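>
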Amino acid sequence: MTESVRAPAAIGRGVRTADPSAVRALVREHGYCVVEGHDCSAEQSAARLAGEIWGADLLAAPGACEVRDGAVGDDGLAQEEAGARVIGVHSDGFAYGDSLPDFFLLACVAHSDSGGENFLVDGTKVLADIEADAATRWAAEALQARPIDQTEAGKRPSISPIVQQTSAGRLMFRHLPFLQQPCADSDDFDRDQEMIDIFHRATAAQAAGPDAAWLKLEAGDAVVIDNYRMFHGRAPYSSGDRMLWRQWVWSTDSAHGVPGGPLYSDSRFADEAFLQLGQEELDELAALPLSELRLINQENREGATLGRRNGEAARLAAASNSKL
Ligand SMILES: O=C(O)CCC(=O)C(=O)O
Ligand SMILES: [Fe+2]
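Right under this line is the structure:
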């Protein structure tokens, strides 16, 4: 599992440039790139950098979110004991389902004295590993064909394959082990579960192996990540004041463009229920303090059906019915 991930003894500087106009080509080649020497201190500076990188191809770079131990506006991320845990590899923006941001930036305001490295796993390598092993080869195809439930409870529904392709042929992977599950009504629940397990095991092996990219961001570094291709995580750290701005980006290369409703660089506005609201109500929502919004998020989560661990329960119920 990713919890066994260890930072290598020596961490290089990674793929980097000081030139925003060089970023897209570097990210296309390596899946990520660090921009150095950028002023990362203000929320707006991350959006400005996104504008310099994508220019007219930038569809949206909404308000940047403060990241301490996880993102301040995401559901379910611990705020206490900052830095003590590993954040396992994941894709950002799951809450938007198939409309997740296609890129994002982490702009480092303050780094930790020790630890706090980011590590990156390349989804294309995970898929290649699955394909290379005769025992798991079947799953490489199934991952691109079998829809599963990738919905975060209460957020935008996503019943779709783990690996998809945009109309231009760009691969779109997603990785979040505690959410990805077979559909409750799957016609082959066990095989879908096995496919998902193969994908998560192969990702964990990549995360622990020599191909994982390890970075130690320092104040003034902003890493730009292809969120369709790379899964990212963070090693534990000890000093408490590490802080990054997270900037989600939707570009013209995204599969479905910008999702509806107000946007922010975390999941606070991604509730499915918000899609039913008119503009006036959306404006009111956008003006709410985060603490009040969280209560609404929680209610919506409690009322959700998709994205719950209901697949197993449904299967057990079906199995016991068939014995009657
Ligand atoms: O702290 C970091 O470096 C990244 C945290 C993260 O991945 C997240 O909040 O989604
Ligand atoms: Fe993240």
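Residue numbers (the working numbering): 193 to 516. From the three backbone atoms N, C-alpha and C, an ideal C-beta is built for every residue, glycine too. This one's a predicted model, so the numbers in the text were calculated from it and none came from an experiment.
How is the beta strand (DSSP E) around D418 delimited, first residue to last?
Here residue 418 refers to the residue found at position 226 of the sequence shown. Unbroken beta strand (DSSP E) run through D418: A414 to D418.
> Answer yes or no: do L368 and H282 have a C-beta to C-beta separation smaller than 7 Å?
Taking the first residue of the sequence shown as position 1, residue 368 is located at position 176. Taking the first residue of the sequence shown as position 1, residue 282 is located at position 90. Yes; because the gap between Cβ atoms is below 7 Å, this pair is in contact.
> Measure the alpha-carbon distance for K408 versus A462 and round it to whole angstroms.
For the purposes of this step, residue 408 is taken as residue 216 along the sequence shown, with counting starting at 1. For the purposes of this step, residue 462 is taken as residue 270 along the sequence shown, with counting starting at 1. If you take the alpha carbons of K408 and A462, they lie about 30 Å apart.
> Is it buried or exposed, G280, if we count other Cβ atoms within 10 angstroms and call 16 or more buried?
In the sequence shown, counting from the first residue as 1, residue 280 sits at position 88. With 16 or more Cβ atoms within 10 Å of its Cβ, G280 is classed as buried.
> The beta strand (DSSP E) that contains A299, what's its start and end?
On the sequence shown, position 107 is the one that residue 299 refers to. Residues F295 to A302.
> Assign H222 to one of three DSSP states: helix, strand, or coil.
Here residue 222 is taken as the residue at index 30 of the sequence shown, counted from 1. Reduced to three states, the DSSP call for H222 is helix.
> Note down the Cα distance separating V415 from R220, rounded to an integer number of angstroms.
Translated into positions along the sequence shown, residue 415 becomes position 223. Translated into positions along the sequence shown, residue 220 becomes position 28. Each residue's Cα considered, the two are about 14 Å apart.
> If you draw a straight line from the alpha carbon of Q336 to that of L455, how long is it in whole angstroms?
As a working mapping, residue 336 is identified with position 144 in the sequence shown. As a working mapping, residue 455 is identified with position 263 in the sequence shown. Approximately 29 Å between the Cα atoms of the pair.
> Could you check if P293 is buried or exposed, using at least 16 other CB atoms within 10 Å of its CB as the buried criterion?
The residue given as residue 293 occupies position 101 in the sequence shown. Counting Cβ neighbours within 10 Å, P293 comes out buried, since at least 16 surround it.
> Taking G243 as part of the alpha helix (DSSP H), name the residues at either end of that continuous run.
Reading the sequence shown from its first residue, position 51 is the one you call residue 243. Its alpha helix (DSSP H) spans residues E235 to W246.
> Quick one: is F295 buried, meaning 16 or more other Cβ sit within 10 Å of its Cβ, or exposed?
Working through the sequence shown from its first residue, we reach residue 295 at position 103. F295 comes out buried.
> Please classify P402 as buried or exposed, where buried requires at least 16 neighbouring CB atoms within 10 angstroms.
Working through the sequence shown from its first residue, we reach residue 402 at position 210. Its Cβ having fewer than 16 others within 10 Å, P402 is exposed.
> Cutting at 7 Å between CB atoms, please list the residues of its own chain near I245, excluding the five before and the five after it.
As a first step, residue 245 is located in the sequence shown; it is residue number 53 there, counting from the start. P212, V215, R216 and V416.
> Across the segment 299 to 318 and the segment 472 to 492, are there enough close Cβ pairs to call them in contact, namely three or more that are closer than 8 Å?
The segment 299 to 318, when compared against the segment 472 to 492, does not touch it at the 8 Å Cβ threshold.
> Examine ligand 2 and report whether any of its heavy atoms sits within less than 6 Å of the Cβ of D284.
On the sequence shown, position 92 is the one that residue 284 refers to. Result yes, Cβ under 6 Å from ligand 2.
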